[in-house]
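In numbering that gives the first Met the number 0, the protein residues as written are 0 to 1160. From the three backbone atoms N, C-alpha and C, an ideal C-beta is built for every residue, glycine too. Read through the structure below, which is laid out as structure tokens, and then see the notes.
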Amino acid sequence: MGDMTNSDFYSKNQRNEANHAGEFGCTLLDLRSLMELRGTEAVVKIKETYGDTEGLCRHLRTSPTEGLPGTAADLDKRKLIFGKNFIPPKKPKTFLQLVWEALQDVTLIILEIAAIISLGLSFYHPPGEENEACATASGGAEDEGEAEAGWIEGAAILLSVICVVLVTAFNDWSKEKQFRGLQSRIEQEQKFTVVRGGQVIQIPVAEIVVGDVAQIKYGDLLPADGVYIQGNDLKIDESSLTGESDQVRKSVDKDPMLLSGTHVMEGSGRMVVTAVGVNSQTGIIFTLLGAGEDEEKKDKKAKQQDGAAAMEMQPLKSAEGGDGDDKDKRKANMHKKEKSVLQGKLTKLAVQIGKAGLVMSAITVIILVLYFTVENFVVSKKPWLPECTPIYVQYFVKFFIIGVTVLVVAVPEGLPLAVTISLAYSVKKMMKDNNLVRHLDACETMGNATAICSDKTGTLTTNRMTVVQAYIGDTHYKEIPDPDSIPAKILDLLVNAIAINSAYTSKVLPPDKDGGLPRQVGNKTECGLLGFVLDLKQDYQPARNQIPEEKLYKVYTFNSVRKSMSTVIKMPDESFRMYSKGASEIVLKKCSKILNSAGEPRIFRPRDRDEMVKKVIEPMACDGLRTICVAYRDFPSSPEPDWEDENDILSDLTCICVVGIEDPVRPEVPEAIRKCQRAGITVRMVTGDNINTARAIAIKCGIIHPGEDFLCIEGKEFNRRIRNEKGDIEQERIDKIWPKLRVLARSSPTDKHTLVKGIIDSTQVEQRQVVAVTGDGTNDGPALKKADVGFAMGIAGTDVAKEASDIILTDDNFSSIVKAVMWGRNVYDSISKFLQFQLTVNVVAVIVAFTGACITQDSPLKAVQMLWVNLIMDTFASLALATEPPTESLLLRKPYGRNKPLISRTMMKNILGHAVYQLTLIFTLLFVGEKMFKIDSGRNAPLHSPPSEHYTIIFNTFVMMQLFNEINARKIHGERNVFDGIFRNPIFCTIVLGTFVVQIVIVQFGGKPFSCSPLELDQWMWCVFIGLGELVWGQIIATIPTSRLKFLKEAGGLTLKEEAPEEEMNEDVEEIDHAERELRRGQILWFRGLNRIQTQIEVVNTFKSGTSFQGALRRQSSVTSQNQDVTNISSPSHVSLSNALSSPTSTTAAAAGHPRREGIP
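This is the structure in structure tokens:
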């Protein structure tokens, strides 16, 4: 089917195939058509064509056990014939496209039109110009030269518009570039395990070639298509491709097809790679999308939906940017949960300010026009002469420009810019603090976090497991025993039980540096056990060599339900032996015998077990150790046991030993948790460990302090308390528990999800709780998605966890979370600082322009000057204030909460206070300034008159006041020292100095375009002096207690009303707001279209080749399943949205191709 899309690409490949088909027993097209099949059809096809999977490997010149030889020549040839494992990303927007987008801004368009009209009129000299009868609003002779300069104002406005546009476009462009950088970094880190030349190695995903033998395990995201050759208990979640949410069981004889982009939910195994990059199933869909887009360029809407569908197909991707159509995607891509809190508040605020500005500017224009007509035609009774019309029109255009300028200054278009800069800056800096942010808004939500539910292993602890105590042969050893003291029989059993009954990918390797600790690769608990074998001066490798992975008879892999892992092997005498290991209280319940000090099994009764729990397991657990029990059982060769009856198989075991594994608390964790608690964030520990271990670790970390009133409970007890008689979860029952709960032990993934959801939905406290969750396992996915911010572990985390998360901790360390909180609060404060500054300027500029225009028929601040002010206060100030680095003091206050307004009363006091100071001075200068400075008055100047010193002084003073007020704006909580830490922010210093220098240039050399005339030194001194007054005035304002000023209102909060519906809506539906619903509908239609195309192509191919007609029907059925989804969306009662539409990738993560397969070099 791809042959239709990138025909040049394929024709090239087919030529290659013709040359090389001899070397491999199958062509690219053979493999592609093979991967189209599913289930039994595929098995039949493999049997007919290749004999079996071994035959397929022979055809691909690879060995199922040794893998590819891995020589460079061979790998290059494979890349040439079968393609690279890389899906070319969409092209990024060009700078010009971004410029075009920036030009779409409404206020800018109005300004452009006004400027063009003004330009046109200035070149048109009407015949009536010399006519005395034509009214001039105010007298004053005009130079001939001045009339010629009429075009300058229009040109200057256009120029400043161009500046604003270029700045905006450049910002967008650099932002996109940043995300691409981030992207490629994530991609380079994505590794996959393959076997080459008999060695198991990890290679970047982009290096995988057809014929590679890849090892797959629980939690992987498959990077290419392949055929399953050997393994145990493999279950795959294929919802990202098929939309069916049930896990699919894979087996060599029933369904061996593994597809790229799907998740391994359970088990492990090996596959031989048969299709990579654009030829894999995900790649084919991508190419279809890419091809579709060129044809539909005309139809913008279709293009957006394609973006949406592309997103559906892209499993793991970082931040919002990434691939190309940033804005389109972002539209298509409403935020992961509700719109981020900050954005909600800002949008609301901006709309309010915009409305006010619009009203003010309209009134300004109306007053100016009325005043002019009344003055001329009513009071002076001048007739309207036809030849004078153009001159009147020129006046009206001038009034219109003044009106638009008021609007431009009133609308805070710097707000979105400030947010973007602040977030982008934070994200970049957070990388240094080991936080890889995948969704921009997570950064800011983290500042509001009130609760953190943390995993224990690997987050609070180092995840370096070591066995420190053991109970072997009736003896409890407090440290590693001497191997000679253990009976040889037990030792031999123990070594085999540990070596064979663990994933063969887990190994303990020699240390990198001399004197370092041995390196642990793979599952850390298993590594701890293998380390124990080495500590007993034994070696686990010979046992594994004797029974390689292919010879394992049956494996019950570890999952969160079993809490144990068992492996069955065939003994030389044809009987079976099963080794088992798992959580001690679970495995001991299944033991009926235990090895005594002589190494002989003796009866192990329930009361012996209770005694053992008291004497051995609880003391170990109270030292913070995890207890693992290792056991075995022998089965006769005939009759062969029923391996499917798990309960029967996993009983009657013989206990070999119980070990206590220590996972030391990370040294920096207690301090980090103390900081969290001081910052008003409750840390809760949710772990699968037993309750004593959990409590011991929680005390070490400082999550609980002895003597406090808190709860530590196990998952079972938690469920008993939160469910009613019918077994349904009740919110009010959860509300009784969660405020005191600090440790939840032996918890299942559903418990974690229930707890997170319960805390988020709770209405017990007046602030809605904002919950952050950390997780590393595949089973943590649901909780990570449900949480407001999900942290996944970068090192230990599985791909599934990373994909459900918002932030990836690249060092798996809890103290990095505290950094994230600090950055999040800093973003919030940066925005508030910017607002405080911005709104002061807005209030003053609007009032000055408005009153000035009404009293003197001319705004004291000219259009171009206003635009310059707009530029410094929007763009530069947002850069300066949004890049303040965070300080530790941010962690000393409580979280703001979701409904707290952006503008606190203290800020309101600052805004109004400074506005009063600025307005008083400006109006003084406007009405009596000419007397103070002994200069000509600039008021009532005629059209096109030269710039006056008077108005230049006003403009200059205005800018000076803004500059010094920018320093005041650095503090928003009423602190006294506004210079505190100013040199830690070089950007701020540069911008303030830069603005000052540019201002000098504008005033001294700006001339006509900026309506400035050069000032004397003493006049300059006065301007700077008045500006400096801002700092003094700031201190005066800080002395007035806010509590006294009852009339101050807060602004820019989200009311509870706006919050409520989002909370009440049904769980899954809550994530879809109206626009998104429309969008989803679009996506579904698009998918249906896509499916139809696929079906049609398949039908055509079927008729061509006359093979089975099933494939086409199969596609059709998935189309109908998507039709049903449409109904699901509109009925909130129906929660089960199909995974195709609510898969982890459905929204934000999507906005960027698929790293696994893109590997940008």
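Sequence-distant residues of its chain with Cβ nearer than 6 Å to residue i (five each side left out)
{"i": "residue 741", "result": "683, 702, 703, 709"}
{"i": "residue 861", "result": "1010"}
{"i": "residue 528", "result": "497"}
{"i": "residue 642", "result": "553"}
{"i": "residue 501", "result": "525"}
Exposed unless 16 or more other CB atoms sit within 10 angstroms - verdict on residue i
{"i": "residue 99", "result": "exposed"}
{"i": "residue 632", "result": "buried"}
{"i": "residue 792", "result": "buried"}
{"i": "residue 103", "result": "exposed"}
{"i": "residue 1147", "result": "Low per-residue confidence applies at residue 1147: pLDDT is 39, beneath 50, and the placement is therefore not dependable enough to give any value."}
{"i": "residue 931", "result": "exposed"}
{"i": "residue 509", "result": "exposed"}
{"i": "residue 731", "result": "exposed"}
{"i": "residue 573", "result": "exposed"}
{"i": "residue 482", "result": "exposed"}
{"i": "residue 490", "result": "buried"}
{"i": "residue 94", "result": "exposed"}
{"i": "residue 351", "result": "exposed"}
{"i": "residue 312", "result": "Reliability fails at residue 312, whose pLDDT of 33 lies under 50, so the model's placement of it is uncertain and the value that follows must be treated cautiously. With 16 or more other Cβ atoms within 10 Å, it is buried."}
Sequence-distant residues of its chain with Cβ nearer than 7 Å to residue i (five each side left out)
{"i": "residue 270", "result": "213, 215, 225, 226, 227, 228, 257"}
{"i": "residue 62", "result": "56"}
{"i": "residue 1027", "result": "963"}
{"i": "residue 31", "result": "274, 278"}
{"i": "residue 691", "result": "617, 620, 621"}
Endpoints, the beta strand (DSSP E) within which residue i is located
{"i": "residue 653", "result": "652 to 661"}
{"i": "residue 210", "result": "Taken as a continuous stretch (DSSP letters only), residue 210 belongs to no beta strand (DSSP E), as it is neither H nor E."}
{"i": "residue 763", "result": "That residue, residue 763, is in no beta strand (DSSP E); it is neither H nor E in DSSP."}
{"i": "residue 590", "result": "590 to 594"}
{"i": "residue 789", "result": "788 to 792"}
{"i": "residue 434", "result": "434 to 436"}
{"i": "residue 1044", "result": "Taken as a continuous stretch (DSSP letters only), residue 1044 belongs to no beta strand (DSSP E), as it is neither H nor E."}
{"i": "residue 927", "result": "No beta strand (DSSP E) contains residue 927, which is instead part of the alpha helix (DSSP H) from 904 to 932."}
{"i": "residue 552", "result": "No beta strand (DSSP E) holds residue 552; DSSP gives it neither H nor E."}
Opposing strand residues paired with residue i [DSSP bridges]
{"i": "residue 190", "result": "203"}
{"i": "residue 408", "result": "Answer is none; residue 408 lacks a bridge partner."}
{"i": "residue 626", "result": "659"}
{"i": "residue 274", "result": "224"}
{"i": "residue 476", "result": "469"}
{"i": "residue 66", "result": "62"}
{"i": "residue 824", "result": "For residue 824, which the question treats as bridged, DSSP gives no partner whatsoever."}
{"i": "residue 600", "result": "594"}
{"i": "residue 569", "result": "575"}
{"i": "residue 262", "result": "220, 236"}
{"i": "residue 286", "result": "Paired residues: none, contrary to the question."}
Anticipated Cβ contact below 8 Å, residue i with residue j, distance rounded
{"i": "residue 1030", "j": "residue 967", "result": "7 Å"}
{"i": "residue 279", "j": "residue 259", "result": "4 Å"}
{"i": "residue 587", "j": "residue 608", "result": "5 Å"}
{"i": "residue 665", "j": "residue 461", "result": "5 Å"}
{"i": "residue 217", "j": "residue 173", "result": "Wrong, their Cβ atoms sit about 40 Å apart, outside the cutoff."}
{"i": "residue 27", "j": "residue 85", "result": "No, residue 27 and residue 85 are not in contact; Cβ-Cβ is about 15 Å, not under 8 Å."}
Check: residue i C-beta below 7 Å from any heavy atom of the ligand PLP
{"i": "residue 777", "result": "This structure simply doesn't include the ligand PLP, nor any ligand for that matter."}
Beta-carbon contacts of residue i that lie in its chain and below 8 Å, excluding the five residues immediately before and after
{"i": "residue 728", "result": "721, 722, 753, 757"}
{"i": "residue 971", "result": "828, 831, 832, 835, 903, 905, 906, 909"}
{"i": "residue 671", "result": "813, 814, 816, 817"}
{"i": "residue 822", "result": "425, 428, 429, 432, 434, 442, 445, 446, 885"}
{"i": "residue 517", "result": "507, 508, 509, 510, 530, 533"}
{"i": "residue 663", "result": "460, 461, 463"}
Below-8 Å beta-carbon distance, residue i vs any chain B residue
{"i": "residue 809", "result": "Absent from the structure is chain B; it holds one protein chain and no more."}
Span of the alpha helix (DSSP H) around residue i
{"i": "residue 545", "result": "540 to 545"}
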